[in-house]
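Student:
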Amino acid sequence: MNFVSPTNAEELFGDAFFGAAAIEQAFGASIPEPLPPIPFSADVLQEAAAQGWMLVYRTPTLAGVPFTIGAASERFPELFDARFLRQVGYQLKDEWGILLEPLAHTETPRAGWALVTKRVLPATRNRSYHEQTQILERWSEPWRKQGLVASRRLAVEAVYDCILAFRSRGERLLEREWDWSASSTLDGGYLNVGGFTPQGLQIFSYSAAVRHGALGICPQLTVAA
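Numbered according to this note's numbering, the sequence shown spans residues 340 to 564.
(1) Compare the beta carbon distance of residue 558 and residue 453 with 7 Å and say whether it is the shorter of the two.
(2) How long is the line joining the alpha carbons of residue 306 and residue 538, rounded to whole angstroms?
(3) Going by DSSP in three states, residue 370 sits in which element: helix, strand or coil?
(4) Does the segment 433–445 touch the segment 465–482, meaning 3 or more C-beta pairs lie closer than 8 Å?
(5) Is DSSP giving residue 356 helix, strand or coil here?
(6) How long is the line joining the alpha carbons of residue 547 and residue 363, rounded to whole angstroms?
(7) Smallest Cα separation from residue 549: which of 519, 487, 560?
(8) Can you list, in chain order, the residues of its chain with a C-beta nearer than 7 Å to that of residue 431? Leave out the 5 residues immediately preceding and following it.
(9) For residue 341, which residues in the same chain have their Cβ closer than 6 Å to its Cβ, ignoring the five residues on either side in sequence?
(10) Have a look at the DSSP bridge pairing and note the partners of residue 577.
(11) Which word fits residue 483, buried or exposed, when buried means at least 16 other C-beta atoms lie within 10 angstroms of its C-beta?
(12) Checking 7 Å against the spacing of the C-beta atoms, do residue 409 and residue 443 come in under that value?
(13) In whole angstroms, what separates the C-alpha of residue 416 from that of residue 530?
(14) With a threshold of 16 other CB atoms inside 10 Å of the CB of residue 369, please say whether the residue is buried or exposed.
(15) Have a look at residue 526 and residue 542 and give me their C-alpha separation to the nearest angstrom.
(16) Could you check whether residue 464 and residue 555 sit closer than 7 Å to each other, using their CB atoms as the reference points?
(17) Determine the direct distance from the alpha carbon of residue 456 to that of residue 567, and round the result to whole angstroms.
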């Protein structure tokens with residue numbers, strides 16, 4: 340497969356291309372270059388760009404510091420809704436907040452390029468977690484034939500993408516939606532990220548049975564190992 344250069348990919352995606360320059364602008368930290376080759380074919384990139392997706396490079400560390408939800412909330416407190424970081428309570432738990440979850444301080448983005456939808460997949464709205472997973476499986480069939488993996492993001496990857504887009508482009512992703520992630524909490528719930536209004540990102544944990552009209556999946560495509 341002939342790789343598409345970052346320059347050509349940026350021409351194709353425009354402001355939806357998030358490479359080294361966007362990362363440095365958003366996070367104030369440079370990353371080693373050159374970045375790994377973009378692993379998607381020209382045809383896949385053209386189709387994704389035409390559908391309004393974004394092409395993102397993620398790194399698990401910035402300036403030697405792991406990128407975690409906890410670290411991001413300390414570095415960019417104005418980008419998180421402080422009401423929901425600690426002891427907000429939900430369902431049957433009197434006290435819960437994302438910063439009380441161990442994974443908020445350990446989970447980091449998986450390194451590499453990903454193609455990501457900016458909006459939740461309409462068919463996954465108002466569905467339980469497991470119903471969403473089944474829909475994602477069916478949706479991903481054409482991509483699997485091209486050697487690609489369609490999946491949910493980790494919660495920290497959704498946070499990374501939202502901060503990256505906002506600080507480098509001034510674009511608020513997930514302003515009125517929530518992306519239900521692959522990250523599970525101590526009590527067996529799954530984290531969702533969204534509601535990114537001027538009050539900041541909101542991060543909640545829901546049991547797999549919960550459903551509502553603004554909760555869905557922002558699928559991402561990566562290359563099968």
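Even glycine gets a Cβ: it sits at the ideal position worked out from N, Cα and C.
Tutor: On the basis of the supplied data:
(1) no
(2) In this structure the chain extends from 340 to 564, so residue 306 is not present and cannot be described.
(3) In the structure shown, residue 370 sits in coil (DSSP, three-state: anything other than H, G, I, E or B).
(4) no
(5) strand
(6) Here the alpha carbons of residue 363 and residue 547 stand approximately 36 Å from one another.
(7) 519
(8) Low confidence applies here, because residue 431 scores a pLDDT of 43, under 50, leaving its location unreliable and the question unanswered by this model.
(9) none
(10) Given a span of 340 to 564 for the chain in the structure shown, any question on residue 577 remains unanswerable.
(11) Exposed.
(12) yes
(13) 19 Å
(14) exposed
(15) 15 Å
(16) yes
(17) Outside the displayed span of the chain (340 to 564) sits residue 567, for which this structure offers no information.
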